[in-house]
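These notes are about the structure you will find just below.
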Amino acid sequence: MAHRKFQLTTSQVRELIQAYTACNEGVLRTRYQAVRMYGTRYALEEICALTRCSRTSLMEWCHVYQHHGLDGLRDGRLGGNSAKLTPTQHDDLRQRMETYTPRQVLGAATHTTAGQFWTVEDLQQAIVQWYGVRYASRSSYSTLFHACGLSYQRPAKVFKSQRLSQVMEFEETAEKN
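Quick look at the structure:
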């Protein structure tokens, strides 16, 4: 059986108990408790079962506590997301999408022949033009549609190179038959 090198002093145990008692964050309390239990020679399997943490996480927490104390056990993530547009820009985008059609903004470079309705590709071009921002995922643009109160619909497939006169001639022929 391997000898456990990580041991806590009575002052460290007291410190962890006080921090555990004063803390109201569940994840942080679990870390305090797991480190204290491991440092006071509880069985590894028992700690993992009670705290529902993995052995790897427990060893990492103990290592961090040894080098950084209680502050090292805090969650370092800042939260939120890495939004590329500010809330003000979201409001501006919503207003612009309701005010202008893709044809008015992008000219002939729209992804539909009429350029009347916004598509993901049109939105992508407009956001680059207006804000200089480009998202990596196509689904981010769909999320922006939803955030702006618009629904996303796939446009009908239409060839841009078609001749209107030929289309009308074909439709007349189809009606006669």
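To convert, count from 1 in the sequence shown and add 14; that's my numbering. Beta carbons are placed, not taken as given, at the ideal position from N, Cα and C, and that holds for glycine.
Item, Value
"Rounded separation between isoleucine 31 and glutamine 47 - CA only", "8 Å"
"Histidine 125 (DSSP reduced to helix, strand or coil)", "coil"
"Segments assigned alpha helix (DSSP H), at least 4 residues, entirely inside the region 21-99", "24-36, 40-53, 58-65 and 69-82"
"Alpha-carbon to alpha-carbon, aspartate 105 and valine 147", "15 Å"
"Nearest neighbour of leucine 87, chosen from Ala97, Ala57, Leu99 and Ser71 [CA to CA]", "Ser71"
"Cβ contact check for the region 132-145 and the region 78-87: 3 or more pairs under 8 Å", "no"
"Chain-order list of residues whose beta-carbon lies under 7 Å from that of arginine 69 (same chain, five-residue window excluded)", "Leu58 and Cys62"
"Counted within 10 angstroms of its Cβ, other Cβ atoms place methionine 51 as buried (16 or more) or exposed", "buried"
"Meets three-Cβ-pair contact criterion under 8 Å: the region 119-126 and the region 138-146", "yes"
"Classification of tyrosine 199 by the beta-carbon crowding that lies within 10 angstroms, buried from 16 upward", "Outside the modelled stretch of the chain, which goes from 15 to 191, sits residue 199, for which no answer is possible."
"Alpha-carbon to alpha-carbon, alanine 97 and methionine 182", "47 Å"
"Histidine 104, DSSP secondary structure in three states", "helix"
"Short Cβ contact (8 Å threshold) for leucine 110 with tryptophan 144", "It is arginine, not leucine, that sits at residue 110 in the sequence shown. Yes, Cβ-Cβ distance for arginine 110 and tryptophan 144 is below 8 Å."
"Cutoff 6 Å; reference proline 116; Cβ partners in own chain excluding five residues on either side", "Thr124, Gly129, Trp132 and Asp136"
"Inter-residue Cα distance where the pair is phenylalanine 184 and threonine 126", "21 Å"
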